[in-house]
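Chemist: Here it is, the structure, as structure tokens.
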Amino acid sequence: MGCREPTTTEVLSSILVRQDGIKELSADWDAGSHRITAETFTSDVATGTPPLVVASTTLVANFNASLLGGASKSAFALLAGRSGGQTLHGGIGAGDDLHFQTTSDATKGTHLFEEADAVELVSGASAMELRLREPSGGGASYVGFKSPALAATTVYTLPDADGGAGKFLQTDGSLVLSWGAAGGGGESTEETTTLTGTQNNFDADAAFTYLRCNNASALILTGFTTAGGAPTEGDRIIVHNIGSSTVRVADENAGSTVENRISTPSVRGQIIGTDGTIELVYDVTSSRWRIASINPGAFISITFSAGDFTTSGGTWTVQAGDISTYDYQQIGKVLFLRILLDGTSTSAGMGNQLRVAMPDSFTIAEKSSYIVYSEEPGGGSGKAASKLNAIVSVSTTFVFLQHMNESVWDSSTVNQTTIRAVGWIDVD
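In the working numbering, the protein residues as written are -1 to 426.
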């Protein structure tokens, strides 16, 4: 029995793929679970149709970006880093943006640029802006910063803490920024206190404070802070005594923290009477408040004490009712002392001295003398009936009033005198 040649239909149904590469498949070809292996896969589909469709989301081994055609692997960012660095482009058209989002969740994270020497925004022909946009609910406005043209690189060091109310940002001339006071051109913050006694580390409301002291008894201020923080260069406080007693700023008093203390010319500080003022300015170099100006205010009355009046020879009688004026003013190391009293002296001559104690624990620094005069009750012959010479060269705690009656330089003798002692004394 002879062999029959198969028909074309039978051949086509039994051959999976023709090997001449000429005849295209007339329908989709499903290889099922079988593997197709070849050295090269080529697609000639027209642009607009994907040449490869993959349903699986499983990672393809060895299918790296570096193995794809096109520009090259350098066209893709390498998260592990690339030798020589790499550049990211947000787009290729004018005005294209590059967006970085921490997460697609509504609660965003933080963009972190870690372990870098600097974060630099490089400008083109025009200066680039660093923009801080307002919250999305407010609109699209922003606050921006940009650099001018510079002769050299400028790097500022910011303060290590927030400044107090009313402070401004200042430089030390070496690019280190700190908080300072507005100085004389700014407006002061008015503050009133009724405190009395000794007050340490008094907190002034602002860097420039006008402090009204309405104290009914003596007030001593040993140091100041400003706006809840340490004072800074140029901070300014004007202390105004509007009360009925005295206000004193103490010199180098340990009651206040070292950097809050006040340095004054006198070791007794500076005392002012009613309506007096003391202007203090902070000196950051020495970490001290320093006095810029003084108005001593009203004369400060000295309370009578019999022990303040003694004698070095003879007898001087001084009682409370004998005193008409007994007060002083202080400006730095100068004390202006006034004494007006009726006193009885039973002895005359150079050895008869009335010793008057220095007020308020002041001590005499410059031992010198000044001339004061006394009058005879009733006017006498129309000239001073006796002369007083205030001697301050013997003691640092007493003013010595030396009585020289008129017999020393005229003909009469007077032992009832009205003493008018007025003079300036240098004090420590």
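Beta carbons: idealized from backbone N, C-alpha and C, even for Gly.
Values in this document were obtained by computation on a predicted structure and should not be read as measured data.
Here's a check: name, in chain order, each residue in its chain whose Cβ is nearer than 6 Å to the Cβ of Arg246, leaving out the five neighbours to either side.
Modeler: Taken in chain order, the residues that qualify are Ile218, Gly267, Ile269.
Chemist: Looking at the unbroken beta strand (DSSP E) that takes in Asp281, where does it start and where does it end?
Modeler: It spans 275 to 281 - the beta strand (DSSP E) in which Asp281 sits, taken as one unbroken run.
Chemist: DSSP puts Asp94 in a beta bridge; with which residues?
Modeler: Bridge partners of Asp94: none, in fact.
Chemist: Can you tell me whether DSSP reads Met402 as helix, strand or coil?
Modeler: In this prediction, Met402 has a pLDDT of 49, which is less than 50 and means its spatial position is unreliable; what the coordinates show is noted afterwards. In the structure shown, Met402 sits in a strand (DSSP, three-state: E or B).
Chemist: Please classify Asn60: is it buried, with 16 or more other beta-carbons within 10 angstroms of its beta-carbon, or exposed?
Modeler: It counts as exposed.
Chemist: Near Ser186, what residues of its chain come up, given a Cβ to Cβ distance below 8 Å and the 5 sequence neighbours on each side ignored?
Modeler: Ala204, Phe206, Thr207, Tyr208, Arg234, Ile236.
Chemist: In its own chain, which residues sit with a C-beta less than 8 Å from the C-beta of Val316, not counting the 5 before and 5 after it?
Modeler: Cβ neighbours of Val316 beyond the five flanking positions: Ala304, Phe307, Leu339, Gly341, Leu352.
Chemist: Along the beta strand (DSSP E) that carries Phe111, what are the first and last residues, could you check?
Modeler: No beta strand (DSSP E) holds Phe111; DSSP gives it neither H nor E.
Chemist: Apply the 10 Å Cβ neighbour rule to Leu333 and answer buried if 16 or more other Cβ atoms are within range, or exposed otherwise.
Modeler: Buried, since its Cβ has 16 or more Cβ neighbours within 10 Å.
Chemist: In chain order, what residues of the same chain lie with their CB nearer than 6 Å to the CB of Gly30, ignoring the 5 residues before and after it?
Modeler: If we look at Gly30 and ignore the five residues flanking it on each side, it has no Cβ neighbours.
Chemist: Can you tell me whether Val397 is buried or exposed, with buried defined as 16 or more other CB within 10 angstroms of its CB?
Modeler: That one is buried.
Chemist: Grouping DSSP H, G and I as helix and E and B as strand, with all else coil, what is Asp306?
Modeler: Three-state DSSP puts Asp306 in a helix.
Chemist: In angstroms with no decimal places, state the Cα-to-Cα distance between Gly82 and Leu76.
Modeler: Distance between the alpha carbons of Gly82 and Leu76 is about 12 Å.
Chemist: I'd like to know if the region 162 to 171 and the region 191 to 198 are in contact, where contact means that at least 3 CB-CB pairs between them fall below 8 Å.
Modeler: Contact between the region 162 to 171 and the region 191 to 198 is absent, because fewer than three Cβ pairs lie under 8 Å.
Chemist: Can you tell me the Cα-Cα spacing of Asp201 and Val256, whole angstroms?
Modeler: Between Asp201 and Val256, the C-alpha separation is close to 15 Å.
Chemist: Could you give the C-beta distance for Asn239 and Gly221, rounded to a whole number, given that I count them as a contact under 8 Å?
Modeler: With a Cβ gap of about 18 Å, Asn239 and Gly221 do not count as contacting.
Chemist: Short check: CB of Pro294 to CB of Gly274, under 8 Å?
Modeler: Yes, these two residues count as a Cβ contact at 8 Å.
Chemist: Less than 8 Å between C-beta atoms, sequence neighbours within five positions excluded: which residues of the same chain meet that for Val425?
Modeler: Counting only Cβ-Cβ distances below 8 Å, and skipping sequence neighbours, we find Ser264, Arg266, Gln328, Lys331, Val332, Leu333, Met356, Phe360, Thr361, Ile362, Ala363.
Chemist: What is the residue span of the beta strand (DSSP E) that Ser41 lies within?
Modeler: Note, Ser41: premise wrong, no beta strand (DSSP E); not H, not E.
Chemist: Does DSSP classify Glu257 as helix, strand or coil?
Modeler: Residue state, collapsed to three classes: helix.
Chemist: Indicate the three-state DSSP secondary structure (helix, strand or coil) for Ser291 in the structure shown.
Modeler: Strand at Ser291.
Chemist: Taking buried to mean at least 16 other C-beta atoms within 10 Å of its own C-beta, is Ile423 buried or exposed?
Modeler: When all chains shown are included, Ile423 counts as buried.
Chemist: Would you please state the rounded distance, in angstroms, between the beta carbons of Leu173 and Pro157? I believe it to be under 8 Å.
Modeler: Contact flag wrong, Cβ pair sits at about 13 Å.
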